[in-house]
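Chains Z and E are the protein sequences, given in the same order.
The numbering used here puts the first residue of the first sequence at 1, with every later residue one more than the last.
The numbering used here puts the first residue of the second sequence at 1001, with every later residue one more than the last.
Idealized CB from N, CA, C, for every residue including glycine.
Fair warning: this is a prediction, and the values are worked out from it, not measured in the lab.
Structure first, commentary second.
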Amino acid sequence: MQDFAEPFRLALALVTAGDADLFEIIALSLRVSLLAMAIACVLGLPLGALLAVTRFPGRSVVLVLVNALMGLPPVVVGLIVYLYLSRSGPFGWLGLLYTPTAMIIAQVILITPIIAALSRQVLEDLHTEYAEQFRSLSVPRRTVISALVWDGRYSLLTVALAGFGRAVAEVGAVIIVGGNIDHLTRVMTTAIALETSKGDLALALALGFVLLVIALTVNGLVMALRLTAGRHVHA
Amino acid sequence: MKHKKLMFAALSAVLLFGVGLVANAADTSIIVQSTTSTKNSGLYDHLLPQFEAATGITVNVVAVGTGQAIRNARNCDGDVLLVHAKASEEQFVADGFGVARFDLMYNDFVIVGPSDDPAAVSGMTDTAQALVQIAEREALFASRGDDSGTHKKEVTLWAAAGLDPTGSSGAWYRELGSGMGATLNAAVGMGAYVLTDRATWISFANKADFKIAVEGDDALFNQYGVILVNGSVCPHVNVQAGQQFIDWLISDEGQNAIGTYEIDGQQLFFPNAQTNGTG
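Right, dumping it as structure tokens:
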């Protein structure tokens, strides 16, 4: 059994020393995963909302499909995106393989179903609550959706965080399409994989601690935002 | 209205965040498809700053197993291939994907194992005999099992010993399907013998009680080669910068840089380039 004190001390030393490489890797992790989350929200939220308020034949099949896609294996997504972005693939001319953009694309594919499936559930529950009111006032569908999204905004924030969590923690997709290139596409998870493969388990675990702190910080900031916003509403 | 403003602000922030991710200097950078051994041993961290200072060309290294590196290069996803499986490299050039192959440097493979040495092979220099002993005693052996250069070498070593261990796969012969580092971690965890290149072993930090058991056999020779991906097959190849990188590696300066790389006073790679490539 490895000692946990050594990696913890190492993590602290890395952060307090202001290690430039480490901060570069942290910044790229945040940029890639936050941007992937934002794009996935733009795609997934409307899809979830639409599925929540509409009824059409085959809807349950679509719901099962979207829910199942939440379990997309990152390595499969990485492989598919690689095949498309490879120079010999259909989008090879874009020259995106081994760039942060490729990593964002892979993560968007990975987490859009999560955002869509979870927001669908949140909004559908709200919709059931309000359905009678909407019907009695014969509110148009667009207004229904925007009202639901606004009322469910805090729950949807948690949905977005679930997507971010999945994105920032996955390694299988970004290591294939990003290539774990130093100073270009290395993020926290691929750095951890690299140190593990070097047998430097203490440093790998130290980086893991730093990643945990990043996730805590992002979630803490969102929570703070939510509390402040809540206060304004009630003031 | 306040919400709309907030949304707009948030959206602009996201957009600003995203810009700059796209910028990627294409002309002065190359992608090298390479092996984990050269990467994990820190060789590139030693070589690339010298090359970049001399030429201003940024070298981006994708470190995977030799098999995957060659497949990626066949898909035109790289400018230079630097791996260690001579037969596969020559095939790559013969198939038209590479311009010419240059010998670059060598070191050797070693078989490492637990210090209690269950197959009693410690100190042996005859690899074939050692493998026979491991198989006879059914001592655990961890194989890369991933079509990498090291895996290809291991397969030829078993064949030279007249054995096919894959019949015992899952029993004493464990095919990991992983990179060198992950396989070493697993071997240390299981107490299994494992074939590794010496550079990775020297720089590997999780050795536990493992030691080199078998070394010094000519069959354990490990040659690295470097190849420019063919620009007429793969039009996006940065031929000029890629050629400059290869020229530098096989020049006196590059060869000297390879030869002076040490960890704990041990030289990891031995330069042996000749200026004439084989195509």
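- For residue 197 (chain Z), the nearest beta carbon of chain E is closer than 8 Å to its own beta carbon.
- Judged by DSSP secondary structure, residue 1040 (chain E) falls within the alpha helix (DSSP H) whose first and last residues are 1036–1040.
- The C-alpha of residue 1141 (chain E) lies about 11 Å from the C-alpha of residue 1166 (chain E).
- Around the Cβ of residue 1265 (chain E), a 10 Å sphere holds fewer than 16 other Cβ atoms; the residue is exposed.
- In this structure, DSSP gives residue 1031 (chain E) an extended state, which the three-state scheme calls strand.
- At least one CB of chain E lies nearer than 8 Å to the CB of residue 201 (chain Z).
- For residue 88 (chain Z), the closest Cβ of chain E is nearer than 8 Å.
- Residue E:1155 holds the alpha-carbon nearest to the alpha-carbon of residue 1143 (chain E) among E:1066, E:1155, E:1136, E:1132.
- Excluding sequence positions up to five before and after residue 1073 (chain E), its CB lies within less than 6 Å of the CB of 1033, 1081, 1229, all in the same chain and listed in chain order.
- The Cβ of residue 179 (chain Z) sits closer than 8 Å to at least one Cβ of chain E.
- Within its own chain, the residues whose Cβ lies closer than 8 Å to the Cβ of residue 210 (chain Z), once the five positions on either side in sequence are excluded, are 11, 14, 15, 22, 26, 188, listed in chain order.
- If you compare the alpha carbons of E:1216, E:1251, E:1079 with that of residue 1128 (chain E), the shortest gap goes to E:1216.
- When only Cα atoms are considered, residue 1159 (chain E) and residue 1169 (chain E) end up about 15 Å apart.
- The DSSP-derived three-state label of residue 1197 (chain E) is strand.
- Between the stretch 138–157 of chain Z and the stretch 59–74 of chain Z there are fewer than three inter-stretch CB-CB distances shorter than 8 Å, so the stretches are not counted as touching.
- Straight-line spacing of the CA atoms in residue 180 (chain Z) and residue 43 (chain Z) works out to 27 Å.
- Not a single CB atom of chain E sits nearer than 8 Å to the CB of residue 165 (chain Z).
- With contact defined as three or more Cβ pairs closer than 8 Å, the stretch 116–130 of chain Z and the stretch 151–166 of chain Z are in contact.
- Contacts with chain E (Cβ-Cβ distance below 8 Å) from the stretch 95–119 of chain Z involve 95, 97, 98, 99, 100, 101, 104, listed in chain order.
- Between the alpha carbons of residue 1164 (chain E) and residue 156 (chain Z) lies a gap of roughly 57 Å.
- Our two residues, residue 1070 (chain E) and residue 129 (chain Z), have alpha carbons roughly 58 Å apart in a direct line.
- 8 Å or more divides the Cβ of residue 1109 (chain E) from the Cβ of residue 1268 (chain E).
- In this chain, the beta strand (DSSP E) harbouring residue 1113 (chain E) covers 1098–1113.
- Sequence-distant partners of residue 1054 (chain E) (beyond 5 residues in either direction) whose C-beta falls short of 8 Å from its own C-beta, in its chain, are 1248, 1253.
- A Cβ-Cβ contact shorter than 8 Å links residue 85 (chain Z) with residue 177 (chain Z).
- Taking C-beta atoms as the reference points, residue 51 (chain Z) and residue 120 (chain Z) count as a pair closer than 8 Å.
- Buried is the label assigned to residue 1150 (chain E), since at least 16 other Cβ atoms lie within 10 Å of its Cβ.
- Within the stretch 125–166 of chain Z, complete alpha helix (DSSP H) segments of at least 4 residues are found at 141–151, given in chain order.
- By alpha-carbon distance to residue 1043 (chain E), the top candidate from E:1195, E:1224, E:1240 is E:1224.
- Per DSSP, the continuous alpha helix (DSSP H) segment holding residue 1249 (chain E) begins and ends at 1239–1250.
- Put simply, the backbone Cα of residue 202 (chain Z) is about 29 Å away from that of residue 1139 (chain E).
- Under the Cβ criterion (8 Å, minimum of three pairs), the stretch 1111–1131 of chain E counts as touching the stretch 1183–1195 of chain E.
- Against chain Z, a Cβ distance below 7 Å from residue 1222 (chain E) picks out nothing, because the smallest value is about 19 Å.
- Here DSSP, grouped into helix, strand and coil, assigns residue 1162 (chain E) to coil.
- DSSP lists E:1105 as the bridge partner or partners of residue 1271 (chain E).
- If you check each beta-carbon in the stretch 1199–1216 of chain E against every beta-carbon of chain Z, the ones closer than 8 Å belong to 1203, 1204, 1205, 1206, 1207.
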